[in-house]
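*Asks:* Here the sequence shown is numbered in UniProt numbering, starting from 1 and rising by one per residue.
Right, I'll just put the structure down here and ask away after.
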Amino acid sequence: MSFRYSILKFFLKVAGEKKSWSKDPIDFHKKRKDNRPEPSKKALRGIIPQQFQVLDSKITALQPKNNDSEYLLFYCHGGAFIYGPTEHQWNSVCKIVKETQTNCWVVDYPKAPENKIISIQENICKAYEEAVKQYDPSKIILMGDSVGGNLVTTLVQGLIKEKVEVPNHLLLITPLMDASLSNPRIKDIDPIDPILSYQGVRSAKQMCAGDTSLTDPLISPLYGTFAAFPKIYLFMATNDILMPDQEIFIQKVTDSAGEIEVIKGEGMPHIWPFLPFIPEGKRALQQIISIIKAIKA
1 MSFRYSILKF FLKVAGEKKS WSKDPIDFHK KRKDNRPEPS KKALRGIIPQ QFQVLDSKIT
61 ALQPKNNDSE YLLFYCHGGA FIYGPTEHQW NSVCKIVKET QTNCWVVDYP KAPENKIISI
121 QENICKAYEE AVKQYDPSKI ILMGDSVGGN LVTTLVQGLI KEKVEVPNHL LLITPLMDAS
181 LSNPRIKDID PIDPILSYQG VRSAKQMCAG DTSLTDPLIS PLYGTFAAFP KIYLFMATND
241 ILMPDQEIFI QKVTDSAGEI EVIKGEGMPH IWPFLPFIPE GKRALQQIIS IIKAIKA
């Protein structure tokens, strides 16, 4: 563990980050104070942005200056279904766009509790439908962190079910796989997770589910099927309460003869690749950049 990560853990404790995830019900209004509707001017240097609406979602298209790529990074952000995108997500995605010279759509979907998983998924599907009008599905890379990883995984399951052409690559960053959080190992990891806590995370998922069961594949892709899935790149952190379900996910993909590459962050927290102020985060983000470059090569 780096010195900077030690400082980050201390800062998170003082700021009450984990405490904020320990409330039931979770204070989604407080979480939304971190919302950023668009990237900063600094993050946008070297990028041409454009915003448009798809249903109730705001799509921010990011294009590298002087390079209109034939590839698209279709990105769904995390935020427990209740908030986001945030500054660290924008900064990370903009860095990926510039260093890989790849176009990106950031899908700012409607949030719970005002919106439920059925309408959120409808928005993701519609945004993808718009994407394939402009890009070959084989040139689309799906990416999501936390619940964003949940959303793009469920999107793939839906595309396969409907017998629609699926993108060739799925990039998941510490994704939520089971909204019920019923895995008994979660409570063992909770004390060492510096960010998330069972109570608040499950509260947010219940807000999003509405009348949908928390074990419905619509909100918990772990209960769906993984046959015919594209190649998966999974960033998994050992000090993240979502890790136990990601391990089950790995096994299910393997049992379905799927291809999955796992990048494990030993001692790392949730979404550590998007925490570039720690060296471990910088290295992980660089790995994501290298993966995308290799896909395009």
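Built from N, CA and C at the ideal position, the CB exists for glycine as well.
With DSSP as the reference, identify every bridge partner of residue 303, one or two as the case may be.
*Replies:* Since the displayed the chain opens at 1 and closes at 297, residue 303 lies outside it and no answer follows.
*Asks:* DSSP has Y233 in a bridge; who is on the other side?
*Replies:* The residue given as residue 233 occupies position 233 in the sequence shown. Assignment of beta-bridge partners to Y233 by DSSP yields L171 and E261.
*Asks:* Which residues bound the beta strand (DSSP E) around V54?
*Replies:* As a first step, residue 54 is located in the sequence shown; it is residue number 54 there, counting from the start. Its beta strand (DSSP E) spans residues I47 to V54.
*Asks:* Going by alpha carbons, who is nearest to A209 out of L55, A80, K58 and P194?
*Replies:* Translated into positions along the sequence shown, residue 209 becomes position 209. Selected option, being the one with the closest Cα: A80.
*Asks:* Using 8 Å as the threshold, is the C-beta distance between L214 and S180 below it?
*Replies:* Here the question's residue 214 lines up with position 214 in the sequence shown. Here the question's residue 180 lines up with position 180 in the sequence shown. It is a contact, given that the beta carbons lie within the stated cut-off.
*Asks:* If I follow the unbroken beta strand (DSSP E) through S57, where does it start and stop?
*Replies:* Mapped onto the sequence shown, residue 57 falls at position 57. First-last of the beta strand (DSSP E) with S57: S57 to P64.
*Asks:* With the cut-off set at 8 Å, would you say M236 and G265 are in Cβ contact?
*Replies:* Numbered from its first residue, the sequence shown carries residue 236 at position 236. Numbered from its first residue, the sequence shown carries residue 265 at position 265. Yes. Within cutoff.
*Asks:* Are the CB atoms of P194 and K9 nearer to each other than 8 Å?
*Replies:* For the purposes of this step, residue 194 is taken as the residue at position 194 of the sequence shown. For the purposes of this step, residue 9 is taken as the residue at position 9 of the sequence shown. Yes. Within cutoff.
*Asks:* By the three-class DSSP mapping on this structure, what secondary structure does D145 have?
*Replies:* The residue you call residue 145 lines up with position 145 of the sequence shown. Reduced to three states, the DSSP call for D145 is strand.
*Asks:* Since L73 and I96 are thought to touch, with beta carbons under 8 Å apart, how far apart are those beta carbons, to the nearest angstrom?
*Replies:* Position 73 of the sequence shown, counted from the first residue, corresponds to residue 73. Position 96 of the sequence shown, counted from the first residue, corresponds to residue 96. About 7 Å separates the two Cβ atoms, so the contact holds.
*Asks:* Answer yes if the stretch 87-96 comes into contact with the stretch 151-164, meaning at least three C-beta pairs across the two stretches below 8 Å, and no otherwise.
*Replies:* no
*Asks:* With DSSP collapsed to three states, give me the class of E35.
*Replies:* Along the sequence shown, one-based indexing puts residue 35 at 35. Note that residue 35 is Asn in the sequence shown here, rather than Glu. In this structure, N35 counts as strand in the three-state DSSP scheme.
*Asks:* Quick check: the Cα distance between D240 and S138, rounded to an integer number of angstroms?
*Replies:* Position 240 of the sequence shown, counted from the start, is the residue given in the question as residue 240. Position 138 of the sequence shown, counted from the start, is the residue given in the question as residue 138. One C-alpha to the other measures close to 32 Å.
*Asks:* On a CA-only basis, which of P110, K205 and T225 is nearest G258? Give me that one, please.
*Replies:* Reading the sequence shown from its first residue, position 258 is the one you call residue 258. If we check each option's Cα against that of G258, T225 comes out closest.
*Asks:* Would you call the stretch 19-32 and the stretch 190-205 touching, i.e. three or more CB-CB distances under 8 Å?
*Replies:* Touching, per the Cβ criterion.
*Asks:* Provide the residue span of the alpha helix (DSSP H) that contains E129, from first to last.
*Replies:* Along the sequence shown, one-based indexing puts residue 129 at 129. Element bounds for E129: I117 to Q134.
*Asks:* Skipping 5 residues on each side, what residues in its chain have a beta carbon closer than 7 Å to that of V262?
*Replies:* Along the sequence shown, read from residue 1 onward, the residue named residue 262 stands at position 262. Cβ neighbours of V262 beyond the five flanking positions: L234, M236 and I250.
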